[in-house]
Structure formats: C-alpha cells, structure tokens
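Remarks on the structure that follows.
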Amino acid sequence: MIEAFAFVPALLILALAVYTTVAREAFAATVGFIAYGLLLTLAWVQLGGVDVALTESAIGGGLTGHLLVRAAARLRTTEAAAAAARPPRSTRFPAAILAAAVSVALALAVLALPDPAPTLASAVVANIGSTGVGNPITAVLMAFRAMDTLLEATVLLLALIGVWSLAPDRAWGGHPGPRYNADPDGVLAFIARVLPPIGIIVGVYVFWVGADAPGGKFQGATIVAAMWLLVLMAGLADTPPVSRRLVRAALVAGPLVFIAIGFAGAAFAGAFLAYPDGWSKPLIVVVEFALMPSLALTLGLIMAGAPERPQAPEVAG
Amino acid sequence: MNAPTVFGLLAALLVGVGLYGFIVNPQPLRKILAFNVIGSGVFLMFGAIARRGAAYGLGGDPVPQALLITGIVVAFSATALAVTVLLRLFDETGTATLASETDARAPATEPAAATAPPGAEKAPG
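Residue numbers (the numbering used here), protein chains in the order written: chain H, 607 to 923; chain Z, 1026 to 1150.
Structure (structure tokens):
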C-alpha cells in the first residue's frame, strides 16, 4: 500500500524531469518544471516533511517556475538559433555515461545508508521545551540553528542587490520589471481583486501557525509576495522605484532586528543569537514578525526583477 | 522497499537526468532549469535521509528538514540571480547564448530571422 503511494509519484516525477530535459521548447520545459515542483510536494509529504513540502510548492515550484516561465517567454526569439546549436553525438554520449555513472553511485550510496539511521530528533525533542515553540522545524530554524536562518535572509537580500545591480544605467533607481497592461475588466484583473484578501489571510495564517504546526515565515511570505505579483501582473499596481528610502528600510528591517537580537543574546545570554531563559518564545515571535514583511517584500522584488524603467519625474523628490 | 529508499533512488536518478540536461542543453535557460533539477534531486536525497531519522513521533529528523527549507530558498536566490543575468545579456546583445562572440555570430547569419538583430531590444536613448 505504502509502496504504491511512493512509486506512482516517483515515476511521475522522474517522467517530468526527463520531459523538462528533453522537451524541444524552453517554454514547454519550464511549464513541465512547475508540474514537477508540484509533484515533488507529494514526495515530501510521503517523506514526512510537510514544512519542506510547503516550501517546495511555494518557492521551488511556484516562484522558481514563474521566474523561468517568464524568462522563457521573453527569450522565445532566441529559440531557433539555440535549437540549431544542439551538441553532437560525441558530446551527448559521454554526457549520458557520466550522468548514468553519477546516478548509479548515488543509488548505491542510498542503498548503503547505515541502518540504525543517525538522527538528531532525540536532541530536538529533549530541548524543544526550552524554546516555547511546538513545531520542531521552527525550533531548529529559530533557536538551534538560528544562524542559518539569519544567513538565509541575508542571502535573499544579497540576491536582490545582485538583481538590482543588473539594471541598465538609464533605469537605475527606477521601477523593476515591465509595467503590465491587462484588460481592466478581464479575468486576470478580476482574480487580482478577489484573490489577494484571501491569499494574504492564508499567508499570514501559514506564518502564524508555523510556531506549532507545519508552516512558517518563508512559506507565508511567499504566499503574500505571490498576491502582490498577481496584482502587479494584472496592471492594478506598479512596483516601487528601488531608490525609495522606505522600500530599502523595509527590506533591511527584518534582518536588522534579527541581528540586533543576536547581539543582545551575546550580551545577556552568553552567545550570539542565544536567547535568555524564559525569553525564547517572545524573542522568536519578535524576530518572526520583523522578518516576515521584509521577506515578503524581498521575494516580491526579486521576482519583479532588475529595474527597467526610469523613475517617473513627478514621483522623484 | 520503503518510501525513503524509493525516493532516495528517485533522487539519484533526478541528479543524473539533471546533470545530462545541464551538459547537453546549449541554452543557458535550459541549463538553469537542469541546475534546479539537480538541486531538487539533492534535496530529495537529503529528505530521504531525514525521513530515515524519524523518531519520537516526528515525521523525520527535523534538523536536515530545516536545512532543506534554507536550501530551497538559497537555490531560489541563485536561480533568480542567474535568470536576471541572462535577461540582461539578452537585452544587451539580442541573443542568449554561452557561445563565444564569433561562434554566436556564425549561425545567426544563416537563418536571418533566427535571432533578433543586436540592439533591437534596447530602447533609444
């Protein structure tokens, strides 16, 4: 019974991975990748990682897929030339052998994993009481391995700086991405009006429930960012110019609060990012509340892309 | 065969498929896509290992699972940066290829409509 539930998604996932690799058109391949990401969430649920499943569907499938589909649509004119440059058999054959060898080596490693599997579950269960949160993964992310989460938020910020720095000179400081023009009475505009109130509540719920159940700030922030992207694509709003101070302040506020609490831990609890006894839960809540809006804005702006249009003169100043 | 083994073996295959696509697909966008397939295979293998560490009523070892969430977010950051670099290359040159300058021009002369003329996407001024 269990095997059937594992085998069927596994075969579908493999088939879609092959499809995204061999599909002739880049656009078809990216669409296949989104379906692939969504099916992977089934694998994650099977593997008991509901938090990871939420992240995979929101970020791995959703945001990454959206990014790639949009890029494929924009690069469509280059498709024919790229298809002509298909590598010869002398490249494909060794590549296939190399890929097969890597797969076989990894498969053997999987089959040779030690049988009483090493686990840190006991350490997490033993210490989760001191953090005040009920979801062991949130406890790891916010207490036991808080440094990873801080660096993760920083990586997102660095990626955004990287994306912005790819703006052409004439658009520097301007609005990211194209200005979308959708039919104001069309289906997209309608959905972009109806869905965000629901989506924002779902996003905030996923964020809030993360303390005790699967969920968390990254997943919640992605849902909120997706709602913003929907409004942008329906042409109902425009991205803010990246030179606006308020935008930049909102982007760094979350990581700064996190770092400040980290240094406070160094002063009062003996280590960077340590929480004093009895203060874990309130401090974790403060960090999460500070990070969530910053993350949502960072994710949304990364998706919006590099500034493309100069700031309108009447907005300047 | 239990679920961690099935998905662990699937992960091994996904890394192989992704690696093959990464090598043979000439388009940068397809390489980014293949990079993500490799990445998801690595994540899935890590997830299978996390599942094997399930104990004390938890669905899996929570430490690798938390690291996976971090990993997925970091992979997204890298992908977003790569896609933006690619789009900027396209905006500047009208092509999206990793071939060197001379290689890139050679096929473009044969099918005239295959590539947009360089600079066509640039706004005037």
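A virtual CB, placed ideally from N, CA and C, is assigned to each residue, including glycine.
Given the structure is predicted, the values throughout are model-derived calculations rather than measurements.
Taking 9 Å as the cut-off between beta carbons, the residues of the region 1107-1122 of chain Z near chain H are 1108, 1109, 1110, 1111, 1112, 1113, 1115, 1116, 1117, 1119, 1120, 1121, 1122, in sequence order.
Collapsing the DSSP output to three states places residue 631 of chain H in coil. Taking residue 712 of chain H as reference, the option from Z/1113, Z/1034, Z/1057 with the minimal CA-CA separation is Z/1034. Residues of the region 1029-1041 of chain Z with a C-beta atom less than 8 Å from some C-beta of chain H are 1029, 1030, 1031, 1032, 1033, 1034, 1035, 1036, 1037, 1038, 1039, 1040, 1041, listed in chain order.
For residue 846 of chain H, same chain residues with a beta-carbon under 6 Å away, outside a window of 5 residues either side, are 853 in chain order. Counted as a single uninterrupted DSSP element, the alpha helix (DSSP H) harbouring residue 676 of chain H occupies residues 670-680. Taking 9 Å as the threshold, the shortest C-beta distance from residue 737 of chain H to chain Z does not fall below it. For the pair residue 1077 of chain Z and residue 723 of chain H, the Cα-to-Cα distance works out to about 6 Å.
The shortest C-alpha to C-alpha distance from residue 884 of chain H to any of H/680, H/708, H/901, H/749 is the one to H/749. When Cβ pairs closer than 8 Å are counted between the two stretches, the region 901-919 of chain H is seen to touch the region 830-842 of chain H, the count reaching three or more. By the beta-carbon neighbour count (other beta carbons within 10 angstroms, threshold 16), residue 797 of chain H is exposed. Of all residues in the region 657-684 of chain H, only 657, 658, 661, 662, 665, 666, 669, 670, 673, 674, 677, 678, 680, 681, 683, 684 come within less than 7 Å of chain Z when Cβ atoms are compared, listed by chain position.
Exclusion of the five residues before and after residue 637 of chain H leaves no residue of its chain whose Cβ lies closer than 6 Å to its Cβ.
Exposure of residue 799 of chain H is indicated by the presence of fewer than 16 other C-beta atoms within 10 angstroms of its C-beta.
Boundaries of the alpha helix (DSSP H) around residue 1076 of chain Z: 1053-1077. In this structure, DSSP gives residue 782 of chain H an extended state, which the three-state scheme calls strand.
Scanning chain H for C-beta atoms nearer than 8 Å to the C-beta of residue 1060 of chain Z yields nothing, as the closest lies near 11 Å away. Listed along the chain, the chain Z residues whose CB falls inside 9 Å of the CB of residue 706 of chain H are 1041, 1045.
Non-local C-beta neighbours of residue 635 of chain H in its own chain, meaning closer than 6 Å and more than five positions away in sequence, comprise 626, 629, ordered along the chain. Less than 9 Å separates the beta-carbon of residue 914 of chain H from that of residue 783 of chain H. Taking each of H/899, H/880, H/755 in turn and checking the Cα distance to residue 1095 of chain Z, the smallest one comes out for H/755.
When DSSP reads this structure, residue 751 of chain H sits in no beta bridge, so it has no partner. Within the same chain, Cβ atoms closer than 7 Å to the Cβ of residue 875 of chain H are found at 881, 882, the five residues on either side in sequence being excluded.
By alpha-carbon distance to residue 661 of chain H, the top candidate from Z/1083, Z/1072, Z/1050, Z/1119 is Z/1072. Counting C-beta atoms within 10 angstroms of its own C-beta, residue 898 of chain H has 16 or more neighbours from the protein chains shown and is therefore classed as buried. Distance between residue 708 of chain H and residue 654 of chain H, taken at the CA atoms: about 27 Å. Residue 616 of chain H is positioned such that its CB atom lies closer than 9 Å to that of residue 649 of chain H. Here residue 802 of chain H is not near residue 778 of chain H, since their CB atoms are 9 Å or more apart.
The straight-line gap separating the alpha-carbon atoms of residue 736 of chain H and residue 886 of chain H is approximately 7 Å. Taking 9 Å as the CB threshold, residue 730 of chain H lines the interface with chain Z.
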